[in-house]
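S.K.: Have a look at this one.
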Amino acid sequence: MLGSDLGHRGRIIGIGPHPVKDSRPPFPVPKSLICKSPFAGLSEHQVNAPELILASTSESRRALMERLRIPFRIAAPGIAEASIPGESPGQMAGRLATAKARAIATTSTADVIVIGSDQVPASNGATLGKPGTHERAVDQLQSVSGRWVRFHTGVSVQRPATGFSSTLVETYDLRFRQLGAPLIERYLNAERPYHCAGSLKVEGLGILLLEAARGNDQTTVLGLPLMSLTRLLRDAGLDPDLMFE
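Mapping of the sequence shown onto this note's numbering: residues 606 to 850, in sequence order.
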């Protein structure tokens, strides 16, 4: 019977005193039916890591997070971005970043790490919020023409399971060119940056409005300072060096 076909019971293969039973089916199995472990190909650090959540619906922040190549998901924090009288731009950015992260962290019963971020630009002591309308965007850009604007970007990391909570605020300065009305109109009509603080979409055509920059981390002006974020993640117990795919 050596080598005979036993159908679904398998085949006996080998010629030694202890033949080995071949458990392979006698027919090809489609690849789509082959089950794989959801953890296949993942390192021990990736399997045991807490879930990472970005408390933001910003396309720019999502794109920045994707640069780290760490699995994460998006959650909308639903926080009102209102200022408090007497609050500095940096204080406002830090407070809102913390509030966004905590809004998501406090709703989870699992071990999660939540990232919140907020950006507040200011020029000549005046805070520049999101314009919301074309007219307000025109006013904002006219007010910063030829001036330096400081972007205060807060990033907060919360891990309720361990009690970790930390927030940092980074700054980055941009100098705007002298902006004429035709350029302002063309830029606004093309980018429609009415949801962007200071009316500046620097990852797009907003770069044409600038003539100088100074700061340590250019991702600060994009809305999520990655150097500070990765430092906070390490402090929270998630090392980006061991997590990227």
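Using N, Cα and C, we set each Cβ at its ideal position, and we do this for glycine too.
Just so it is clear, the structure is predicted and the values come from calculations on it, not from any experiment.
Between which two residues does the alpha helix (DSSP H) containing residue 826 stretch?
M.R.: Note, residue 826: alpha helix (DSSP H), 824-827.
S.K.: From this set, 696, 672, 656 and 848, which residue's C-alpha is nearest residue 760's C-alpha?
M.R.: 696
S.K.: Enumerated in chain order, which unbroken segments of the beta strand (DSSP E) with a length of 3 residues or greater are wholly contained in the region 671-748?
M.R.: Here the runs fully enclosed are 717-728.
S.K.: Pick out whichever of 799, 817 and 842 has its Cα sitting closest to the Cα of residue 779.
M.R.: 817
S.K.: Compute the Euclidean distance between the alpha carbons of residue 693 and residue 774, then round it to the nearest angstrom.
M.R.: 12 Å
S.K.: Measure the Cβ-Cβ separation of residue 828 and residue 688 and say whether it is below 8 Å.
M.R.: Taking 8 Å as the cut-off, the beta carbon of residue 828 is found no closer than this to the beta carbon of residue 688.
S.K.: Using the three-state DSSP reduction, which class does residue 777 fall into: helix, strand or coil?
M.R.: In the structure shown, residue 777 adopts extended strand secondary structure according to DSSP, grouped into three states.
S.K.: Using a Cβ distance threshold of 8 Å, determine whether the region 742-753 contacts the region 792-803, with at least three qualifying pairs required.
M.R.: Using a Cβ-Cβ distance cut-off of 8 Å, the region 742-753 and the region 792-803 are in contact, since at least three pairs of beta carbons, one from each stretch, lie closer than that value.
S.K.: Under 6 Å Cβ to Cβ from residue 755, same chain only, skipping five residues before and after it: list those, please.
M.R.: Only residues of its own chain outside the window of five on either side were considered, and among them 727, 776 and 778 have a CB closer than 6 Å to the CB of residue 755, listed in chain order.
S.K.: Here's the rule: buried if 16 or more other CB atoms are within 10 angstroms of the residue's CB, otherwise exposed. What is residue 812?
M.R.: exposed
S.K.: Counting C-beta neighbours from all protein chains within 10 Å, is the total for residue 841 16 or more, i.e. buried, or is it exposed?
M.R.: buried
S.K.: Is there a Cβ from chain C that is less than 8 Å from the Cβ of residue 704?
M.R.: Among the chains in the structure shown there is no chain C, since it carries only a single protein chain.
S.K.: If you reduce the DSSP assignment to three classes, tell me which class residue 846 lands in.
M.R.: DSSP places residue 846 in the helix class (H, G or I) of the three-state scheme.
S.K.: To the nearest angstrom, how far is it from the Cα of residue 716 to the Cα of residue 736?
M.R.: 37 Å
S.K.: In the DSSP assignment, the alpha helix (DSSP H) including residue 835 goes from what residue to what residue?
M.R.: 831-841
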